[in-house]
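The structure appears right after this line, and notes come after that.
Protein chains: 2
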Amino acid sequence: MSKCEQCIVREFNSLKALTKEELIRVTGCKTSKIVKKGEVLFDEGEYINGIFCVKDGVCKVSKMSDNGRDQIIHLIKKGDIIGERSLINNEASNLKAIAVNDMEVCFIPKEEILRDLENNASFSMDILKKMANSLKEADDVIVDMAQKTVKQRLAATLLLLDAKFDKNENGSMNISLSREDIANIIGTATESAIRLLSEFKKKKLIDLKGKEIFINDIKALRELSEGF
Amino acid sequence: MSKCEQCIVREFNSLKALTKEELIRVTGCKTSKIVKKGEVLFDEGEYINGIFCVKDGVCKVSKMSDNGRDQIIHLIKKGDIIGERSLINNEASNLKAIAVNDMEVCFIPKEEILRDLENNASFSMDILKKMANSLKEADDVIVDMAQKTVKQRLAATLLLLDAKFDKNENGSMNISLSREDIANIIGTATESAIRLLSEFKKKKLIDLKGKEIFINDIKALRELSEGF
DNA sequence: CGATTGCTTGACCCCCATCAATCCTCGTGG
DNA sequence: CCACGAGGATTGATGGGGGTCAAGCAATCG
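Written out as structure tokens, the structure is:
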């Protein structure tokens, strides 16, 4: 089993605040796991009893709305940690996580993390900072959802994806979301998202080749998302 | 100056986790303040440099969207703490807070809180829990904003206000929001909110007497908010 | 190579944003 | 005490955004 002390991924998240001794203990109690594309990492209502550290791959984190449609709230990628919130307030997860492509994750059981939170102020402070930042981002999303048109939200989402994920060799975004996924991020019907995507393509803001998306005109997209 | 050790309000928020000695120090460095209805407690972009503990009154916390409308994201009331997020990630506030009625608040400077966060694991754990819970609530708001109609959101907001605030003697909700405020909570135009309110009144779900709002039929409102 | 799933486009219609006009309410000054 | 002005509340009219249903097309898979 690979050792946390030597894991590069750790450097990107709060686990970097752990001491060497703590990391060795984590190595001893963690489990690794492969999650195939489309598989459920955890579901709404499930007790996770620990946190996941994503070594590779991407998953979509969503919540079912009363009307029966999934709203995607987060995209989690390599280096991110997920599950810490349910762990902290000791509740079942309010969210569902599904792998967007094949993932490799490590699972660290609750007790170990709670112990570290108690004893390592620097670790808990880092978690605090991460959560404060997530809250700030959530504020932005709420405002966008409440005030922006679907077109603006699509433009903003494309920019966000462009910033968050790497490019393939040909310049397309290295994340394979279905049209439905995209619609579920911006909170609209799949057909609406499709229509707007092809409108953007017609205006040369983006290019579409099957599932691949190329961002051509960041500036225009930014103006669109801000409502010009 | 009143003493934090004897302040009842503290029992409702994370400050209850502080030790007696810490509370005495807080008493020594805190300042009290009266904020009149309509006055700004803090503005977007401002460095707060501490936290506010609300002894009395209510304030609306909002964020300006690109299109120039304020979106109200939180309503903060007696017993709540506000400002901890900007303090934790050491940034200017991304939100604006305006008093909805006359308020009485205590201000505790940053250094004191940071010191307590470092030294009192139970305090920082309590803050963590509060933030984890806020994130969960934010998820719900995002889903509602993205997926629900304006009518559903108004119903949900009325229920939320009903649950969060006390009643007056005559049974109306003890919070005086303008129609514009209500519209800015649910993220719609003022006229739309007004129209829906009078529709609800016609259907006997609520009653309106000037600014006062009476909730008549919780069950019907709940069904409405869930989309029946 | 069917068959299932996802993508795309068209048609239709309702919700809601916007503009405009009026009414109401309340605080201020004459 | 009243007049008046300003801001909020209300109602009407209108047009466009976007949700929904339906049908045709492409692609992926057993």
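Top line first, the protein sequences correspond to chains A and B. Once you know that position 55 of the first sequence is 55 in full-length UniProt numbering, the rest is easy, because the numbers rise by one and skip nothing. Once you know that position 15 of the second sequence is 15 in full-length UniProt numbering, the rest is easy, because the numbers rise by one and skip nothing. Don't be surprised by glycine CBs; every beta carbon is placed ideally from N, CA and C. Every value quoted in this text rests on a predicted model; they were computed, and no experiment measured them.
Where residue i meets chain B, residues with beta-carbon distance less than 7 Å
| i | result |
| --- | --- |
| Asp66(A) | Glu226 and Gly227 |
Partners in chain B for residue i, counting only beta-carbon separations shorter than 8 Å
| i | result |
| --- | --- |
| Ser134(A) | Leu135 |
| Asp139(A) | Lys63, Ile73, Asn94, Leu95 and Ala138 |
| Arg69(A) | Gln147 |
Close beta carbons around residue i, own chain, < 8 Å, minus the five adjacent residues each side
| i | result |
| --- | --- |
| Arg25(B) | Glu112 |
C-beta neighbour in chain A for residue i, strict 7 Å
| i | result |
| --- | --- |
| Val143(B) | yes |
| Gly171(B) | no |
| Ser14(B) | no |
| Glu223(B) | no |
| Gly187(B) | yes |
Short CB-CB distance (under 7 Å) between residue i and chain B
| i | result |
| --- | --- |
| Ile81(A) | no |
| Arg85(A) | yes |
| Ala146(A) | yes |
Other residues of its chain near residue i: CB distance less than 6 Å, five sequence neighbours each side excluded
| i | result |
| --- | --- |
| Glu39(B) | Ala99 |
| Thr27(B) | Lys3 and Cys4 |
| Leu95(B) | Val61 and Lys63 |
| Ile72(B) | Lys60, Ser62, Asn184 and Ile185 |
| Lys78(B) | Val54 and Asp56 |
Chain A residues whose Cβ lies nearer than 9 Å to that of residue i
| i | result |
| --- | --- |
| Lys129(B) | Ile88, Asn89 and Asn90 |
Closest residue to residue i among the options (Cα-Cα distance)
| i | options | result |
| --- | --- | --- |
| Asp162(B) | Asp80(B), Leu87(B), Cys53(B) and Glu212(B) | Glu212(B) |
| Val150(A) | Lys77(A), Cys4(A), Ser86(A) and Leu196(A) | Leu196(A) |
| Leu42(B) | Ala92(B), Lys30(B) and Arg69(B) | It should be pointed out that residue 42(B) corresponds to Phe in this sequence rather than to Leu. Measuring from the Cα of Phe42(B), the nearest candidate turns out to be Ala92(B). |
| Ile182(B) | Leu154(B), Glu137(B), Tyr47(B) and Ile88(B) | Leu154(B) |
| Glu11(B) | Asp80(B), Lys110(B), Arg222(B) and Ala132(B) | Asp80(B) |
| Glu22(B) | Thr190(B), Asn184(B) and Asp116(B) | Asp116(B) |
| Val143(A) | Ile186(A), Phe123(A) and Lys167(A) | Ile186(A) |
| Ala107(A) | Asp217(A), Ser192(A), Cys29(A) and Asn133(A) | It should be noted that the sequence gives Phe, not Ala, for residue 107(A). Per the Cα distances, Cys29(A). |
| Gly50(B) | Lys201(B), Asp217(B) and Ile82(B) | Ile82(B) |
| Asp70(B) | Gly171(B), Ala189(B), Lys136(B) and Leu160(B) | Ala189(B) |
| Leu87(B) | Met103(A), Met125(A), Leu114(A) and Ala220(A) | Met125(A) |
| Leu9(B) | Glu199(B), Asn67(B), Pro109(B) and Glu104(B) | Note on identity: in this sequence residue 9(B) is Val, with Leu being the wrong assignment. The shortest Cα separation from Val9(B) among Glu199(B), Asn67(B), Pro109(B) and Glu104(B) belongs to Glu104(B). |
| Tyr47(A) | Gly68(A), Ala97(A), Ile72(A) and Ser176(A) | Ala97(A) |
| Ser225(B) | Cys7(B), Lys37(B) and Leu159(B) | Leu159(B) |
| Ser32(B) | Lys55(B), Ala17(B) and Lys16(B) | Lys55(B) |
| Lys136(B) | Lys201(A), Asn89(A), Cys7(A) and Cys53(A) | Asn89(A) |
| Ala121(A) | Ala146(B), Asp207(B) and Glu118(B) | Glu118(B) |
| Gln147(A) | Lys37(B), Asp66(B) and Phe52(B) | Asp66(B) |
| Gln152(B) | Leu208(B), Pro109(B) and Glu223(B) | Glu223(B) |
Classification of residue i by the beta-carbon crowding that lies within 10 angstroms, buried from 16 upward
| i | result |
| --- | --- |
| Thr19(B) | exposed |
| Asp139(B) | buried |
| Thr157(B) | buried |
| Asn13(A) | buried |
| Glu84(A) | buried |
| Ile34(B) | exposed |
| Ser228(A) | Contrary to the premise, residue 228(A) reads as Phe rather than Ser in this sequence. That one is exposed. |
| Asn184(A) | buried |
| Glu68(A) | Rather than Glu, the amino acid found at residue 68(A) in this sequence is Gly. It is exposed - the Cβ of Gly68(A) has fewer than 16 other Cβ atoms within 10 Å. |
| Gln6(B) | exposed |
| Lys202(A) | exposed |
| Ser198(B) | exposed |
Contact set between residue i and chain B, taken where Cβ atoms lie within less than 9 Å
| i | result |
| --- | --- |
| Ser124(A) | Leu117, Ala121, Ser124, Met125 and Leu128 |
Cβ shell of residue i (< 7 Å), same chain only, five flanking positions each side left out
| i | result |
| --- | --- |
| Ile194(B) | Arg179 |
| Lys167(B) | Met173 and Asn174 |
| Lys130(B) | Ser14 |
| Met64(B) | Glu44 and Asp70 |
| Leu205(B) | Asn216, Asp217, Ala220 and Leu221 |
| His74(B) | Val61 |
| Lys16(A) | Arg10 |
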